[in-house]
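Letter by letter, the sequence shown follows residues -20 to -1, 1 to 326 of mature numbering (1 follows the signal peptide of the UniProt record, and there is no 0).
From the three backbone atoms N, C-alpha and C, an ideal C-beta is built for every residue, glycine too.
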Amino acid sequence: MNPQAKLVFIFSLLLGTTTTITSNHWVMAWAGLEINTLSILPLISKSHHPRAIEAATKYFLTQATASALVLFSSMTNAWHTGQWDITQMTHPTSCLILTSAIAMKLGMVPFHFWFPEVLQGSPLTTGLLLSTIMKLPPITLLFMTHHSLNPTLLTCMAIMSAALGGWMGLNQTQVRKVLAFSSISHLGWMTIILSFNPKLTLLNFYLYTLMTLSIFLTLNTIKVLKLSTLITSWTKAPSLSAMLLLTLLSLAGLPPLTGFLPKWLIIQELTKQNMAPMATMISLFSLLGLYFYLRLAYCATITLPPHTTNHMKQWHSHKPASTLIAISAIASTMLLPISPMISAIL
């Protein structure tokens, strides 16, 4: 892709995200979401492979439907209340439609069907954008309207997302699909706490973004797309593979790594809200995720699994890893000691 064109699309992406997260009016928020969708489409389909074109088409249709629902819910609310302000979403039907629309935008269950396919058809760098920055505007809208949304509905969708993200990630051999189901599972954790402590939702999202950034950049550096290539990648960059192991375990939420912090705070908050059964259920479903993270980590670093085909080992790369990977990998494994400070801020 032409570098100038890529620059235009990246700037449009930042413009759309900034427009949505800073707006108070529904039409401005909707316009930002549309700019976002239109600027990511060329980045998804830039390889001109049939799978990339299919991914871009699926993404466009789903996001267009979700945007139409956002506009419809805000118009219904304005019709009944005379308010276009995002925080004044009070009409019950509008709130229900808005919840469905944002769930579709994010790829939450039961509107998750498009996300693994789109991520699988995109390059790794575009997959990183889809998993992180593209989720910021819808999560901001959820944050701004959380007091109006139905807590029971959000809790049910969260439990289903955690369960389905765990179950469907177990059988995957493509790394991007595993990360897509991991994202769906993490969305469950973000949504379950939204009605009770929305700041924890944002904290979880920021830390998830940090860990996903580290994983996608590492995979992009060692050029890995499926488990069979991940098996032979440890010879190429041993230090990166070791950091990938730690970051994957952090994403799984194991102490004493960074990923344990949001899960710990969310379980604590749910228990305070007399929702211990829900906390137990979502914790058990996250064990399914732990299995496929361990599987990725096992393939990446621990040992060579038995296999019949003879794989060629990759050449050792002496090119130094980028500073961004180093910073994000360290942050995604070592932030747990500052948790008292984060708790104080919350």
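Bridge partners of Q152, per DSSP?
The residue you call residue 152 lines up with position 172 of the sequence shown. DSSP lists no partner for Q152.
Can the beta-carbon of H5 be found less than 8 Å from the beta-carbon of W64?
Indexing the sequence shown from 1 puts residue 5 at position 25. Indexing the sequence shown from 1 puts residue 64 at position 84. For H5 and W64, yes; Cβs fall inside 8 Å.
Take the Cβ of K252 as the centre, count every other Cβ of all protein chains shown within 10 Å, and call the residue buried at 16 or more, exposed below.
Here the question's residue 252 lines up with position 272 in the sequence shown. Counting Cβ neighbours within 10 Å, K252 comes out exposed, since fewer than 16 surround it.
Mind checking which residues open and close the alpha helix (DSSP H) that includes C279?
Taking the sequence shown and counting its residues from 1, the one referred to as residue 279 is at position 299. First-last for C279: undefined, no H or E at that position.
If you drop the 5 nearest sequence neighbours on each side, which residues of the same chain put their C-beta closer than 7 Å to that of G233?
One-based indexing of the sequence shown puts residue 233 at position 253. Once the five neighbours on either side are set aside, the close Cβ partners of G233 are G239, F240, K243, S266.
Applying the 10 Å Cβ sphere with the 16-neighbour rule, what's the burial state of H29?
Taking the sequence shown and counting its residues from 1, the one referred to as residue 29 is at position 49. Under this definition H29 is an exposed residue.
Using the three-state DSSP reduction, which class does K157 fall into: helix, strand or coil?
By 1-based counting over the sequence shown, the position of residue 157 is 177. Helix at K157.
Between the region 179 to 192 and the region 131 to 148, can you find at least three pairs of beta-carbon atoms closer than 8 Å?
Because the criterion of three Cβ pairs below 8 Å is not met, the region 131 to 148 and the region 179 to 192 do not touch.
Could you say which of G146, A142, V155, M261 lies nearest to M170 if we only look at CA atoms?
Looking up residue 170 in the sequence shown gives position 190. When only C-alpha atoms are compared, the closest one is A142.
Touch check for the region 65 to 72 and the region -9 to -2: three-plus C-beta pairs under 8 Å?
Because the criterion of three Cβ pairs below 8 Å is not met, the region 65 to 72 and the region -9 to -2 do not touch.
In terms of alpha-carbon separation, which member of G168, W59, L205 lies closest to H92?
The residue you call residue 92 lines up with position 112 of the sequence shown. Cα-wise, what sits closest to H92 is G168.
How many angstroms separate the CA atom of L159 from the CA atom of K216?
Here residue 159 refers to the residue found at position 179 when the sequence shown is read from its first residue. Here residue 216 refers to the residue found at position 236 when the sequence shown is read from its first residue. Taking the straight line joining both Cα atoms gives about 22 Å.
Should S219 and S213 be called a contact, given that it needs their Cβ atoms to be closer than 8 Å?
Here residue 219 is taken as the residue at index 239 of the sequence shown, counted from 1. Here residue 213 is taken as the residue at index 233 of the sequence shown, counted from 1. No, the Cβ-Cβ distance between S219 and S213 is not below 8 Å.
If you follow the alpha helix (DSSP H) that F52 is in, where does it begin and where does it stop?
Here residue 52 corresponds to residue number 72 of the sequence shown, with the count starting at 1. Element bounds for F52: 30 to 61.
Using 8 Å as the threshold, is the region 29 to 47 in touch with the region 146 to 157, meaning 3 or more CB pairs across them?
Too few Cβ pairs lie closer than 8 Å, so no.
Distance, Cα to Cα, L116 vs I1?
As a first step, residue 116 must be located in the sequence shown, where it is residue number 136. As a first step, residue 1 must be located in the sequence shown, where it is residue number 21. L116 and I1: Cα-Cα distance of roughly 8 Å.
Can you look up K203 in the DSSP assignment and give me helix, strand or coil?
As a first step, residue 203 is located in the sequence shown; it is residue number 223 there, counting from the start. Residue state, collapsed to three classes: coil.
What is the C-beta distance between S194 and I305, in whole angstroms, given that I count them as a contact (C-beta under 8 Å)?
For the purposes of this step, residue 194 is taken as residue 214 along the sequence shown, with counting starting at 1. For the purposes of this step, residue 305 is taken as residue 325 along the sequence shown, with counting starting at 1. Indeed they touch by this definition, with Cβ atoms about 7 Å apart.
Thinking C-alpha only, which one of L108, Q248, L51, L237 is nearest M8?
By one-based count along the sequence shown, residue 8 stands at place 28. Out of L108, Q248, L51, L237, L51 has the C-alpha closest to the C-alpha of M8.
Answer with buried or exposed for W59, where buried requires no fewer than 16 other C-beta atoms within 10 angstroms of its C-beta.
What you label residue 59 is simply residue 79 of the sequence shown in a count that begins at 1. It counts as exposed.
Can you tell which of G12, N200, T260 has the C-alpha that lies nearest to the C-alpha of L108?
Your numbering for residue 108 matches position 128 in the sequence shown. If we check each option's Cα against that of L108, N200 comes out closest.
What residues in its chain sit with their C-beta under 7 Å from that of T(-2), if we drop five residues either side in the sequence?
Here residue -2 refers to the residue found at position 19 of the sequence shown. The residues are M8, A11, G12, I15.
Let's see if you can read the secondary structure: which residues bound the alpha helix (DSSP H) around F(-12)?
On the sequence shown, residue -12 is found 9 positions in, with the first residue counted as 1. First-last of the alpha helix (DSSP H) with F(-12): -18 to 2.
With distances taken from CA atoms, which of I113, P103, F176, L144 is nearest V155?
The residue labelled residue 155 in the question sits at position 175 within the sequence shown. Minimum Cα distance to V155 is reached at P103.
Determine the contact status of T281 and S230, defining contact as a CB-CB distance below 8 Å.
Locating residue 281 in the sequence shown gives position 301, where the first residue counts as 1. Locating residue 230 in the sequence shown gives position 250, where the first residue counts as 1. Result no, Cβ atoms of T281 and S230 do not sit closer than 8 Å.
CB-CB under 6 Å to S74, same chain, minus the five flanking residues each way: which ones, in chain order?
Within the sequence shown, the letter at position 94 stands for residue 74. So the qualifying residues of the chain are S53, T56, N57.
So what does DSSP say about H166, is it helix, strand or coil?
Along the sequence shown, read from residue 1 onward, the residue named residue 166 stands at position 186. Three-state DSSP puts H166 in a helix.
By alpha-carbon positions, which one of T79, K179, Y273, H127 ends up nearest to A138?
What you label residue 138 is simply residue 158 of the sequence shown in a count that begins at 1. Among T79, K179, Y273, H127, the Cα nearest to that of A138 belongs to T79.
Taking all protein chains shown into account, do 16 or more other C-beta atoms lie within 10 angstroms of the C-beta of I173, making it buried, or fewer, making it exposed?
Within the sequence shown, residue 173 is the residue found at index 193, counting from 1. Buried is the call here.
Find out if the Cβ-Cβ distance for the pair P121, I82 is shorter than 8 Å.
Mapped onto the sequence shown, residue 121 falls at position 141. Mapped onto the sequence shown, residue 82 falls at position 102. According to the sequence as given, residue 121 is Leu; it is not Pro. Contact flag set, yes.
Please classify V(-13): is it buried, with 16 or more other beta-carbons within 10 angstroms of its beta-carbon, or exposed?
Reading the sequence shown from its first residue, position 8 is the one you call residue -13. V(-13) should be labelled exposed.
Which residue comes first and which comes last in the alpha helix (DSSP H) that contains I325?
Here residue 325 corresponds to residue number 345 of the sequence shown, with the count starting at 1. Residues 319 to 325.
Less than 7 Å between C-beta atoms, sequence neighbours within five positions excluded: which residues of the same chain meet that for A46?
Translated into the one-based positions of the sequence shown, residue 46 becomes position 66. For A46, where only same-chain residues beyond five positions count, the Cβ hits under 7 Å are A81, M84, K85.
From the DSSP output, read off the bridge partner residues of H5.
For the purposes of this step, residue 5 is taken as residue 25 along the sequence shown, with counting starting at 1. Bridge partners of H5: D65.
Between M261, K(-15), L76, P300, which lies nearest to I202 when the distance is taken from Cα to Cα?
Reading the sequence shown from its first residue, position 222 is the one you call residue 202. Ranking the options by Cα distance to I202, first place goes to P300.
Restricting to Cα atoms, I'd like to know which of L182, G101, M114, V89 is closest to M124.
Reading the sequence shown from its first residue, position 144 is the one you call residue 124. With distances taken between Cα atoms, M124 lies closest to L182.
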